[in-house]
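Shown next, in structure tokens, is the structure this report addresses.
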Amino acid sequence: MGRYVIRRVLQMIPVFIGTTLLIFFMVYALGDPVAAKCGDRACDPATAAQIRHDLYLDHPLWQQYLHYMAQIFQGDFGTAYNGQQVTELMGSAFPVTLRLTIVAILFEIVIGITLGVITGMRRGRPVDTGALVLTLIVISIPTFVTGYVLQYLLGVKWGVIEPSVSAEAPFNELIVPGLVLALVSLAYVTRLTRTSIAENTRADYVRTAIAKGLPRSRVITRHLLRNSLIPVVTFIGTDIGALMGGAIVTERIFNIRGVGFQLYQGILRLDSATVVGFVTILVIVFLAANLLVDLLYAVLDPRIRYA
Amino acid sequence: MPEPENHPDEAMEPAGGTGATMDLAQDEARGLERPPGHETAPGGTTEKPRSLWSDAWRDLRRNPVFILSALVIAFLVVISIWPGLIASGNPLSCNLANSQKGSAPGHPFGFDNQGCDVYTRVVYGARASVTVGVCATLGAAILGSVLGGLAGFFGGAGDAVLSRVSDIFFGIPIVLGGLVFLSVVTGTTVWPVIGFIVLLGWPQIGRIARGSVITARQNDYVQAARALGAGNSRLLLRHIAPNAVAPVIVVATIALGTYISLEATLSYLGVGLKPPTVSWGIDISQASSQIRNAPHMLLWPAGALSVTVLAFIMLGDAVRDALDPKLR
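The listed protein sequences correspond, in order, to chains A and B. Okay, so the first sequence: first residue is 984 according to the numbering used here, each after it adds one. Okay, so the second sequence: first residue is 66 according to the numbering used here, each after it adds one.
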């Protein structure tokens, strides 16, 4: 087990370097950070040169990257367009997005797995077909469409919720945005659980458990779920990336001032410090989530430890 | 089993046994008529042997989901090439006086913010979405299957490098990457969007291709062909490729639907296609702020987008069910 952990952690390092380098390259090489800071009119050359020197931009690209990485490990992500430190922006934005993501994952796990178990046990019956069709439709409709439709119906027409979320974003206001964010992933989790449960219901150990006379609930919870949930757990872990991407859209629809909001503002203003800083942190979160999921997978399925 | 040392030149011809069945399957896959008289008893009735492809096609033909989604997709392709068939107006001719009005005679879907006809824009928007979807999927599928297939076939250091490279691309959530990459790229054509989707989408297909090539490589007929002196290119093209391509087709079809949805999301965020290109994502983005006054401006493009993505994903599901040997 220890060797597996070390191997996975070592694999993460070049991936981290590669990803941050790719993002750094996309922002700094393809765009021009100085032009953005001067606004619509071009800077005069002296100012531009001074800005370049201050931002370390007069060095070759790989030196810029190393300098940026060194700064990051000291906790300095640079200054945003409005003069605030990027770390300050992160401090105000991440808790909000974290709350939204927690709500979304809770929805995903509770509704997705329950629905998956129900349809998996009753494969072929009307409940199953209905759930399949419903999940298919949910997968097809993009997140921003469901977001707007739900915002219109629940917020404007029927007045059940506030159409946009307030600045502090408490949990109860994040329920509908969390549901919107989770919908597509929820559909995938349902289908995955359904397939997994349907496969495992035919397994020998389930038949033995039923033959032994165990009550149905005990068979499901103690034997069936444990084995069926392994691919689902893996999927939910890798889904964190999709949730982070979808959070940008959801935060824009419901006016939530989270990571997606800051990132979008940064991109509008071509503020490279904000964009690279936020995306780097998101990539770290994503890689850490993948690592955790791989380790969890090894804990749940002992066969993988010796692979 | 054929006896290679006795009949070296017959080993490639049908002579009975697993080698023959495999070759016949390949002929079947290429649609050729099987030469009569081989493999069965002389004078007996020759029944066309069933390969994976003919079985799958038979199943698909009878699947109502497949027929329905294929019809919808064919309709979409036709109107994206010839939008004039069902929409006679010009999507860019707008009259501000008509801004946000509801449906009127000759304009069944009403007008949008600029006074453009929503129906015409919905029909013309199909072209952008279908083009981006099809080109991006072709690009990602070709790039992914070539790189993943070669990595799976040759293994070794190249395989390890490719796995790390695909991990890097997997590590960037695709919407985030799109925001970063496309915001610095200028240009109003579809090609930056297509290029970006191919760039971030090929690892998914590459992973599947690599897995299925590794599985196909372990089969006995590959070893037999190699023992008979087949070179790498012959092995890849004649033996491995037809047998490894099924999962790639399934993933590519479902990915098509995902890419269309992704293009709409990127256009909605303002970094995808830009005006004057007519796209559903752009329409939805412009209509979103006015949803309380004129919901029809948002609902019609959104409905068209959802139906398109649904058709492609249903097609992918049907193809997967037909090609999946575990469900037989």
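Ideal Cβ placement from N, Cα and C applies to all residues, glycine included.
One or two residues paired with residue i in a DSSP bridge
i	result
F403(B)	Nothing can be reported for residue 403(B), as the shown portion of chain B is limited to 66 through 393.
Q1068(A)	T1062(A)
A169(B)	H172(B)
For residue j and residue i, the rounded distance between their alpha carbons
i	j	result
L244(B)	L117(B)	42 Å
T1112(A)	A1181(A)	14 Å
A309(B)	V278(B)	6 Å
Y1131(A)	I1034(A)	41 Å
A376(B)	D1059(A)	48 Å
G221(B)	T280(B)	16 Å
L1098(A)	G1074(A)	36 Å
A1272(A)	V1215(A)	14 Å
I207(B)	A1031(A)	44 Å
I1092(A)	L1208(A)	13 Å
I1213(A)	A311(B)	26 Å
H1042(A)	Y1048(A)	10 Å
P164(B)	N178(B)	According to the sequence as given, residue 164(B) is Ser; it is not Pro. If I take the Cα positions, the gap works out to 5 Å.
R1174(A)	N128(B)	20 Å
E93(B)	R115(B)	Its pLDDT being 45, under 50, E93(B) is placed unreliably by the model, and the measurement read from it follows with that caveat. About 8 Å.
I146(B)	L203(B)	18 Å
A1152(A)	V1163(A)	16 Å
F174(B)	G167(B)	7 Å
S298(B)	G271(B)	19 Å
G335(B)	A1194(A)	60 Å
A1230(A)	T1257(A)	17 Å
G276(B)	N1210(A)	23 Å
A15(B)	D124(B)	This structure does not reach residue 15(B), given that chain B is present from 66 up to 393, and the question cannot be answered.
I1120(A)	V1167(A)	10 Å
I378(B)	T1102(A)	20 Å
A295(B)	I233(B)	35 Å
M1009(A)	I1124(A)	30 Å
Chain B contact residues for residue i, given Cβ-Cβ distances below 9 Å
i	result
S1123(A)	G322, S326, L370, S371, V372, T373, V374, L375, A376, F377, I378, M379
P997(A)	R229, D232, I233
A1225(A)	P238, I239, V240
L1119(A)	L375, I378, M379, D382
G1107(A)	Near G1107(A) there are no residues of chain B at all, since even the closest Cβ is about 13 Å away, more than 9 Å.
I1197(A)	The sequence as given places Leu at residue 1197(A); Ile does not occur at that position. Near L1197(A) there are no residues of chain B at all, since even the closest Cβ is about 28 Å away, more than 9 Å.
V1266(A)	G236, I237, P238, L241
V1258(A)	L244, V245, S248
Contact list for residue i against chain A, beta-carbon separation under 9 Å
i	result
L363(B)	V1128, Y1131, V1132, Y1135
I349(B)	P1125, F1127, V1128, Y1131
Whole-number beta carbon distance between residue j and residue i, since they are thought to touch under 8 Å
i	j	result
M1227(A)	P238(B)	5 Å
S194(B)	W345(B)	6 Å
C200(B)	I273(B)	In fact, because the Cβ distance is near 20 Å, the residues do not count as touching under 8 Å.
V1189(A)	V1172(A)	V1189(A) to V1172(A), Cβ: 21 Å. No contact.
G266(B)	Y324(B)	7 Å
T1002(A)	G236(B)	4 Å
A205(B)	V263(B)	5 Å
V249(B)	H361(B)	With a Cβ gap of about 35 Å, V249(B) and H361(B) do not count as contacting.
A135(B)	L370(B)	With a Cβ gap of about 19 Å, A135(B) and L370(B) do not count as contacting.
I314(B)	R282(B)	Going by Cβ atoms, the distance from I314(B) to R282(B) rounds to 19 Å, so no, they are not a contact pair.
L1275(A)	G1220(A)	7 Å
F1244(A)	A1076(A)	7 Å
Contacts that residue i makes with chain B (C-beta to C-beta distance below 7 Å)
i	result
V1189(A)	Residues of chain B passing the Cβ test: none, with the nearest at roughly 18 Å.
F1269(A)	G236, P238
M1052(A)	None at all; the shortest Cβ gap to chain B is about 16 Å.
M1073(A)	Within 7 Å Cβ-Cβ: nothing; M1073(A) doesn't reach chain B, min ~15 Å.
L1166(A)	Near L1166(A) there are no residues of chain B at all, since even the closest Cβ is about 13 Å away, more than 7 Å.
Residue i: contacting residues in chain A (beta-carbon distance under 8 Å)
i	result
P170(B)	The premise fails here: P170(B) is roughly 27 Å from chain A at the closest Cβ pair, so nothing lies under 8 Å.
I356(B)	Y1131, Q1134, Y1135, V1139
P360(B)	Y1135
S353(B)	F1127, Y1131, I1236
Under 8 Å by beta carbon: chain B residues contacting residue i
i	result
I1250(A)	L244, V245, S248, V336
I1231(A)	V240, L241, L244, L334
G1228(A)	P238, I239, V240, L241
R1002(A)	Note that residue 1002(A) corresponds to Thr in the displayed sequence, not to Arg. Near T1002(A) (Cβ distances below 8 Å), the residues of chain B are I233, G236, I237.
L1246(A)	L241, L244
V1010(A)	V245, V249
Partners in chain A for residue i, counting only beta-carbon separations shorter than 7 Å
i	result
A367(B)	V1128
A329(B)	P1125
The ligand MN heavy atom lying under 6 Å from the CB of residue i
i	result
A289(B)	The model depicted lacks the ligand MN and carries no ligand whatsoever.
Practice item. Could you pull out every unbroken alpha helix (DSSP H) segment of at least 4 residues lying fully inside the stretch 1075-1146 of chain A, listed in chain order? Key: 1096-1104, 1109-1123, 1126-1133
Quiz prompt | In chain order, each alpha helix (DSSP H) run of at least 4 residues that lies wholly inside the stretch 1144-1230 of chain A | solution = 1158-1184, 1187-1195
Contiguous alpha helix (DSSP H) assignments of at least 4 residues, all confined to the stretch 333-378 of chain B = 345-353
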